[in-house]
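J.:
2 protein chains.
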Amino acid sequence: MPNKHVKEMEALKEHLGKHQLKLTRQRELILSAFLRQEHITAEAMYHQLAKSDPHLGLATIYRTLNLFCDAGLAQARHFGTQTQYDNISHKGHHDHLICTDCGKIVEFENCDIERLQEEVATQNGFIIKTHRLELYGLCSRCRH
Amino acid sequence: MPNKHVKEMEALKEHLGKHQLKLTRQRELILSAFLRQEHITAEAMYHQLAKSDPHLGLATIYRTLNLFCDAGLAQARHFGTQTQYDNISHKGHHDHLICTDCGKIVEFENCDIERLQEEVATQNGFIIKTHRLELYGLCSRCRH
DNA sequence: ATTGAAATTGATAAGCTGTCTCAAAATGAT
DNA sequence: ATCATTTTGAGACAGCTTATCAATTTCAAT
Ligand SMILES: [Mn+2]
Ligand SMILES: [Mn+2]
Ligand SMILES: [Zn+2]
Ligand SMILES: [Zn+2]
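If you read the sequences in order, they're chains A and B.
Be aware that the first sequence starts at 1, since it is given in the numbering used here, and climbs by one per residue.
Be aware that the second sequence starts at 1, since it is given in the numbering used here, and climbs by one per residue.
1) Is the closest heavy atom of ligand 3 to the C-beta of residue 53/A under 6 Å?
2) I want to verify the contact list: residues of chain A whose CB lies under 8 Å from the CB of residue 136/B, in sequence order.
3) In terms of residues, what are the limits of the beta strand (DSSP E) holding residue 25/B?
4) Quick one: using the 10 Å Cβ neighbour count with 16 as the cut-off for buried, is residue 101/B buried or exposed?
5) Along the stretch 108-129 of chain A, what residues have a CB closer than 7 Å to any CB found in chain B?
6) Report yes or no: is there a C-beta of chain B within less than 7 Å of the C-beta of residue 143/A?
7) Return yes when at least one heavy atom of ligand 2 lies under 6 Å from the C-beta of residue 184/B, else no.
8) So is residue 137/B buried or exposed if we call it buried at 16+ other beta carbons inside 10 Å?
9) Considering Cα atoms alone, identify which of 126/A, 83/A, 77/A is closest to residue 94/A.
10) Please name the residue, chosen from 140/A, 98/A, 113/A, that lies closest to residue 107/A on a Cα-to-Cα basis.
11) Less than 6 Å separating the Cβ of residue 8/B from some heavy atom of ligand 2?
12) Quick one: what does DSSP say residue 129/A is sitting in, helix, strand or coil?
13) Interface residues of chain B around residue 100/A at Cβ under 9 Å?
14) Compute the Euclidean distance between the alpha carbons of residue 71/A and residue 15/A, then round it to the nearest angstrom.
15) Excluding five sequence neighbours on each side, which residues of the same chain lie with their C-beta closer than 6 Å to the C-beta of residue 89/B?
16) For chain B, is any of its Cβ atoms less than 7 Å away from the one on residue 139/A?
17) Can you find a C-beta in chain B that's less than 7 Å from the C-beta of residue 106/A?
18) Just curious, the alpha helix (DSSP H) that residue 90/A is in, first and last residue?
19) Which residue's Cα is closest to the Cα of residue 125/A: 20/B, 36/B, 105/B?
20) Look up residue 37/A in the DSSP assignment and say whether it is helix, strand or coil.
21) Using a Cβ-Cβ cut-off of 8 Å (strictly less than) and excluding sequence neighbours within five positions of residue 29/A, which residues of its own chain qualify?
22) What does residue 78/A reach in chain B if we use C-beta pairs closer than 9 Å?
23) When Cβ atoms are compared, which residues of the stretch 80-98 of chain B fall closer than 8 Å to chain A?
24) Kindly give me the distance between the Cβ atoms of residue 131/B and residue 117/B, rounded to whole angstroms, as I take these residues to be in contact under 8 Å.
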């Protein structure tokens, strides 16, 4: 576990402590791998980790990534067919631009859009809990 | 087929003609049922139509609703677990507010948001083809 | 109206992603 | 060190949608 992931490790431990959950070798391992990327699917991580840990089960990966979501370190996104687990440990809320050709994902944040969303909700008597904004198109390289 | 659905029927016929597809009793039937609602799942329509047509297959419903998507009459949305087929025949693009408590869905359109989306895309070198904006929360009734 | 190539249908098998089950192993409070 | 509790791994299972394929229907050309 690299030194730079200490803060996230602490956050996980705090969540575990609050919910009578245990810290296992697998959870440490998966956290370390997870924090190295921005978005990853359970299967992709399964294959990635199989090289060093051939007996790590896919179910454990799913369970652990979902645990990270509960702990506020990850967020599940549904860009394509498989769930992408988004690393939100060191950044706040954000939305995505997705290239339908090469799969490139760009994260962005736009306060004006967020404010207008609240406005729309208020006009309709809603109180927003979460939202999902995804822009699909072609990135600069795939456009040509 | 009610008289008021003639325009959509024509749109479907045009799509069929352009793609060497045939007009069948099932397609007419499913179109008629589809146009009576704003959003519906394939299974919901299956059960709805089973009352009058017990032999209409679920696969045919799926195939036909996907055909409507190709023809521009419908749009597939993924609010929950099942695909919702959105009737866009008589309205343009729109986004949704969804109550997580009672499932109520409100459609809205906000040009300012759309414009800001284009801005974000341009800043990142993207050209938007489609987008998805969903606001999840509590409606006025479920808030209390 | 009849023909016949091509498309469609219905029943069901299969596919895909993700969760559940459960015996064995690991954890950690005492 | 003990031992109740949690976790793991392997595979079964579940939910939703698409693929398969023989039988039927459509429709353009007689
Ligand atoms: Mn992200
Ligand atoms: Mn709609
Ligand atoms: Zn691209
Ligand atoms: Zn509600």
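Each residue gets a CB set at the ideal place from its N, CA and C atoms; glycine is no exception.
T.: The short version:
1) no
2) 128, 129, 130, 131, 132
3) Unbroken run through residue 25/B is the alpha helix (DSSP H), 25-34; no beta strand (DSSP E).
4) exposed
5) 108, 110, 112, 113, 116, 117, 120, 121, 124, 125, 126, 127, 128, 129
6) yes
7) Residue 184/B cannot be examined here, being either before or after the span of chain B that is shown, 1 to 144.
8) buried
9) 77/A
10) 98/A
11) no
12) strand
13) 129, 130
14) 6 Å
15) 8, 73
16) yes
17) yes
18) Element bounds for residue 90/A: n/a, residue is neither H nor E.
19) 105/B
20) coil
21) 49, 53, 56
22) 78
23) 97
24) 6 Å
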